[in-house]
Amino acid sequence: MRNAASAFLPLVGLTCLWVSCARTPPARRHVATQVAWQEGDVVFRRGTGTVGQAVVTLDGGGPYSHVGIVAFCEGTPMVVHAVPGEPDFDGDPDRVKLDSIDVFYSTGRASQGAVMRHADSAAAARAAKMAYKAYERRTLFDHEYDDRDTSRLYCTELITYAFDRAGARLHVSQHDVNLPGITEAITFPSDLAACPQLRLIYSF
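Sequence positions in the sequence shown follow this note's numbering and run 45 to 248.
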């Protein structure tokens, strides 16, 4: 898989996998006030552009193209997510980021969204802390989509990694991606949404 990215990404635009990129400040939708947030809530969105649609198509019709996890920062719920194509400044590499909920769900970045919650709130809070540590380490985005190497993380991999490190491994399946140069299985947002340990608490 190490040499596959050059063949894979041009075909499907997975350089920006899981997100529609927005370079201008997007309008906000004010989702933050709609939910009684808990640490470890898993947040899904469907991107507004062609890349988001490409992810949904590859996902076999699942409604979402990107995912993150809620962590509290000084009492404020924020989203930790691994995302390409959303730099905070010139030269900012693709990496694990921290955004406000309303930025994550802004109209320029999300046409649909959902919030799911783990049955074990203590485990979810631990997972949020693991994800936040990945943000603090400035963990880079995994453009090879390799779940075996957690030194870099793609969006759903961040979630499964965080819960795994929290001692609450998620029961998720994966999709085989059958494209030239790719024979690996990838965790898509729909795989995460189907996890029996998560329940839907909000959607738009």
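Positions of the beta carbon are idealized from the N, C-alpha and C atoms, including for glycine. This one's a predicted model, so the numbers in the text were calculated from it and none came from an experiment.
**Q.** Cβ-Cβ separation, residue 110 to residue 199 (assumed contact under 8 Å), whole Å
**A.** 6 Å
Q) Which word fits residue 185, buried or exposed, when buried means at least 16 other C-beta atoms lie within 10 angstroms of its C-beta? A) buried
Q. The alpha helix (DSSP H) with residue 103 in it runs from where to where?
A. Looking at the DSSP string, residue 103 is not in any alpha helix (DSSP H), and its letter there is neither H nor E.
Q. Hey, out of 170, 169, 153, 195, whose CA is closest to residue 88's CA?
A. 153
(Q) Cutting at 6 Å between CB atoms, please list the residues of its own chain near residue 66, excluding the five before and the five after it. (A) For residue 66, the pLDDT reaches just 39, beneath the cut-off of 50, and the residue's location in the model is therefore unreliable, although a value from the coordinates is still provided. Excluding residues within five positions, the ones whose Cβ falls inside 6 Å are 152, 153.
Q: Would you check if the distance between the CB atom of residue 232 and the CB atom of residue 219 is smaller than 8 Å?
A: yes
Q) Can you tell me where the beta strand (DSSP E) with residue 120 in it begins and where it stops? A) 120-127
Q.
For residue 108 and residue 99, I'd like the C-alpha separation in whole angstroms.
A. 8 Å
Q: Compute the beta-carbon to beta-carbon distance between residue 150 and residue 72, rounded to the nearest angstrom, for a pair I have assumed lies under 8 Å.
A: 5 Å
Q: Quick one: measure Cβ to Cβ for residue 160 and residue 142, integer angstroms, because I've assumed they're closer than 8 Å.
A: Not quite, the Cβ-Cβ distance comes to about 20 Å (not below 8 Å), so this is no contact.
Q. Do you know whose CA, among 76, 195, 180, 94, lies nearest residue 120's CA?
A. 76
Q | Bridge-paired residues (DSSP) for residue 184 | A | 139
Q.
On the criterion of 16 or more Cβ atoms from any shown chain inside 10 Å, does residue 234 qualify as buried, or is it exposed?
A. buried
Q | Helix, strand or coil at residue 178 according to DSSP, with G and I counted as helix | A | helix
**Q.** Separation of residue 148 from residue 84, as counted between CA atoms
**A.** 15 Å
Q | Distance CB(residue 146)-CB(residue 212) smaller than 8 Å | A | no
Q) Out of curiosity, what's the CA-to-CA distance linking residue 129 and residue 91? A) 12 Å
Q | Cβ-based neighbour list, residue 78, same chain, cut-off 7 Å, excluding 5 preceding and 5 following | A | 246
Q | residue 157, buried or exposed, once every other Cβ within 10 Å from all chains shown has been counted against 16 | A | buried
(Q) Please identify the residue among 248, 204, 112 whose C-alpha is closest to the C-alpha of residue 144. (A) 112
Q) So, are the CB atoms of residue 175 and residue 124 less than 8 Å apart? A) yes
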